[in-house]
Amino acid sequence: MGETNRMILTFYLLFATAMIDVVLARRRYYQLFVTNEDIQPDCIKLNISRQSTVLINKQFPGPEIRATIGDILIVNVYNQLINNEDLTIHFHGVLQKQTPQMDGVPYLTQLPIKSGENCSYVFRVQRIGTFFYHSHIGLQSMTAFGSLIFVDRSNDKIIRTRYNYTEERTLLLSDWWHNDRLHLEQGLLAVPFQWLGEPSAIIINGKTMFNSSCETVNGAGYSVINVERGHRYRIRVIGATTLSTLVFGIEKHKLLLIEVDGNYVEPLSVSYLEIASGQRYSFILDTTNQPIKNYYIQASIRWRLVKPNNGIAILRYKSASLVNKIFIANQTFSLPKETVEYLTNKLQPLTNFTNNYNGGKVPRKSNQEFVLAGGQAAFNGTGIQWVVNNNSLMLEKLSQPKSALEDVYSNNQLSFKTYVIKKGQVIDIILQNLVGAGGVCESHPWHTHGHMFWEISLWTFFNNAYFQYVNSTNHNKPCGWKKIRLIADNPGLWFVHCHIVPHMLM
Numbered sequence: 001m002g003e004t005n006r007m008i009l010t011f012y013l014l015f016a017t018a019m020i021d022v023v024l025a026r027r028r029y030y031q032l033f034v035t036n037e038d039i040q041p042d043c044i045k046l047n048i049s050r051q052s053t054v055l056i057n058k059q060f061p062g063p064e065i066r067a068t069i070g071d072i073l074i075v076n077v078y079n080q081l082i083n084n085e086d087l088t089i090h091f092h093g094v095l096q097k098q099t100p101q102m103d104g105v106p107y108l109t110q111l112p113i114k115s116g117e118n119c120s121y122v123f124r125v126q127r128i129g130t131f132f133y134h135s136h137i138g139l140q141s142m143t144a145f146g147s148l149i150f151v152d153r154s155n156d157k158i159i160r161t162r163y164n165y166t167e168e169r170t171l172l173l174s175d176w177w178h179n180d181r182l183h184l185e186q187g188l189l190a191v192p193f194q195w196l197g198e199p200s201a202i203i204i205n206g207k208t209m210f211n212s213s214c215e216t217v218n219g220a221g222y223s224v225i226n227v228e229r230g231h232r233y234r235i236r237v238i239g240a241t242t243l244s245t246l247v248f249g250i251e252k253h254k255l256l257l258i259e260v261d262g263n264y265v266e267p268l269s270v271s272y273l274e275i276a277s278g279q280r281y282s283f284i285l286d287t288t289n290q291p292i293k294n295y296y297i298q299a300s301i302r303w304r305l306v307k308p309n310n311g312i313a314i315l316r317y318k319s320a321s322l323v324n325k326i327f328i329a330n331q332t333f334s335l336p337k338e339t340v341e342y343l344t345n346k347l348q349p350l351t352n353f354t355n356n357y358n359g360g361k362v363p364r365k366s367n368q369e370f371v372l373a374g375g376q377a378a379f380n381g382t383g384i385q386w387v388v389n390n391n392s393l394m395l396e397k398l399s400q401p402k403s404a405l406e407d408v409y410s411n412n413q414l415s416f417k418t419y420v421i422k423k424g425q426v427i428d429i430i431l432q433n434l435v436g437a438g439g440v441c442e443s444h445p446w447h448t449h450g451h452m453f454w455e456i457s458l459w460t461f462f463n464n465a466y467f468q469y470v471n472s473t474n475h476n477k478p479c480g481w482k483k484i485r486l487i488a489d490n491p492g493l494w495f496v497h498c499h500i501v502p503h504m505l506m
């Protein structure tokens with residue numbers, strides 16, 4: 001057989017193998033209908049327009065999406081929003097290898113879904129763990145989000161056996177404002193800008209009680225998580241907040257941490273979790289030796305001055321008394337104050353487990369280094385805005401595809417910040433947190449689309465270089481810096497941003 005014929009045969013064999021893989025992959029279909037609805041998650045009826053609140057399938061939070069590794073996930077999204085409002089959906093923590101066009105960033109990886117139109121997001125499930133999906137337009141993600149759970153049949157059994165748990169529960173933490181969302185968006189984009197203020201309530205699984213007036217409101221109350229004594233539960237916690245970093249704990253219970261941002265870790269017993277926007281954890285809750293009663297679940301704001309104290313849910317043991325609809329006026333139990341570099345150097349990848357994305361050994365050297373300095377800058381002497389390297393990403397510029405692509409491939413940093421890197425390169429990014437215009441240091445959880453990274457070194461209130469476990473949402477503490485290292489192994493256009501939504505929007 002000639003060389004040409006052998007090459008042709010090899011090509012067809014490879015093509016056939018790939019097609020068999022696609023055909024054998026199970027397809028999982030989900031339908032997401034995005035509409036405007038009236039909700040009262042903390043029982044307070046607001047005098048705002050119906051179009052302000054965005055829900056998915058008329059649920060808050062949105063429906064859970066669950067799939068198995070190797071599945072082809074097909075999520076059909078229908079934009080039924082009024083007032084011609086655009087929409088995209090981002091699958092947070094999903095690397096989208098070979099499918100960067102499914103990342104859901106408006107004007108970067110796709111044009112927004114127009115009102116009355118629909119879009120199908122199609123990608124292969126390649127990692128297991130706890131993720132979530134959310135809108136990537138304006139402040140829509142305040143209410144338009146839901147859990148995204150990926151499992152592996154073989155390894156899931158190993159994990160369940162190792163930790164001896166049989167059931168799961170999921171907690172989604174969010175923050176809520178007593179203001180019209182569209183008005184808040186307009187204020188952030190105005191000159192001078194108007195800050196949206198601190199949240200009115202911390203919401204757990206779509207509910208809380210704002211104050212004692214809720215005791216007389218039909219349907220008001222706290223989310224109740226039902227468990228049974230003598231069991232071990234896997235609790236998945238998702239930080240779906242718009243602004244807030246939260247400290248989370250369960251009264252008189254230890255949390256055995258087993259997963260961080262989609263990566264299994266060696267078990268670590270903790271009393272609480274600090275959860276920034278975009279972060280996810282799993283822990284084992286052991287009810288074996290606990291008295292049968294109701295316990296408080298609490299989420300409180302950290303790293304900000306104003307802290308509403310209504311982030312409450314109830315852990316109810318089977319046969320415990322029914323939960324009374326009584327407002328909890330103060331913190332139910334003591335949670336620690338801000339913890340600088342929480343869990344630093346304490347997390348280690350789970351050994352003998354093949355589905356972690358740990359990228360192997362940390363490369364000793366990098367090919368390129370970029371500095372992203374996040375802070376505030378004054379514009380026209382009339383107001384300030386959150387910027388990176390004294391620039392703001394101009395989405396109206398990105399909406400011009402020809403101009404945007406020219407800037408990307410010519411590495412033109414004058415129009416908007418783009419960095420051209422080559423596949424296989426090792427990239428260092430220094431995240432520098434600058435003092436704000438008012439002399440305040442704020443916390444910024446940075447998120448890299450399409451890539452995981454290692455935290456290489458840091459400086460905060462003390463000088464301490466260290467190695468940290470691979471992550472995709474880095475809680476960059478106030479007025480310090482961190483260096484992260486990643487491998488450019490996923491070609492595409494990828495967004496890197498602070499996950500505090502109003503900062504990103506500005």
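Numbered per full-length UniProt numbering, the sequence shown spans residues 1 to 506.
Yeah, the Cβ is synthetic: ideal placement off N, Cα and C, and Gly gets one too.
Just so we're clear, the structure is a prediction, and the values are computed from it rather than from any experiment.
- Here the segment 238-250 makes contact with the segment 155-174; the two share three or more CB pairs at distances below 8 Å.
- Within the same chain, and ignoring the five residues on either side of L184 in sequence, the residues whose Cβ sits closer than 7 Å to its Cβ are L139, W177 and L196.
- With a 10 Å radius around the Cβ and a threshold of 16 neighbouring Cβ atoms, E259 comes out buried.
- Residue state for I225 is assigned as strand, using DSSP reduced to three classes.
- Here the alpha carbon of Q101 sits roughly 6 Å from the alpha carbon of Q110.
- In the three-state reduction of the DSSP assignment, H134 falls in the strand class.
- The C-beta of V151 has 16 or more other C-beta atoms within 10 Å across all chains shown, which makes the residue buried.
- At a Cβ-Cβ threshold of 8 Å, V105 and H136 count as neighbours.
- The segment 227-245 and the segment 301-312 touch, with no fewer than 3 CB-CB distances between them shorter than 8 Å.
- Residue environment: S141 is assigned as buried (16 or more neighbouring CB atoms within 10 Å of its CB, all protein chains considered).
- Residue environment analysis places Q96 among the buried positions, since at least 16 neighbouring C-beta atoms fall within 10 angstroms of its C-beta.
- In this structure, I89 and R28 do not form a Cβ contact; the two beta carbons are roughly 15 Å apart against a cut-off of 8 Å.
- Less than 8 Å separates the beta-carbon of F131 from that of G93.
- Judged by their CB atoms, Y165 and R234 are nearer to each other than the 8 Å cut-off.
- Within the same chain, and ignoring the five residues on either side of H451 in sequence, the residues whose Cβ sits closer than 8 Å to its Cβ are L95, S472, L486, I487, A488, D489, N490 and W494.
- If only complete runs of 3 or more residues are kept, the UniProt domain "Plastocyanin-like" (168-319) shows the beta strand (DSSP E) at 201-204, 224-227, 232-239, 245-250, 255-260, 263-270, 273-275, 280-286, 294-302 and 312-317, in order along the chain.
- Taking 8 Å as the cut-off, the Cβ atoms of G311 and T208 count as close.
- Rounded to the nearest whole angstrom, the CA to CA distance from R181 to W454 is 36 Å.
- Q279 sits away from L335, with the two beta carbons spaced by 8 Å or more.
- Among the bridge pairs identified by DSSP, T68 is matched with V151.
- Under the three-state reduction of DSSP, D428 is assigned to strand.
- By the neighbour-count definition (other C-beta atoms within 10 Å, threshold 16), T143 is a buried residue.
- Cβ-Cβ separation between T287 and H231: approximately 5 Å, consistent with a contact (criterion under 8 Å).
- A direct Cα-to-Cα measurement between V270 and E215 gives close to 34 Å.
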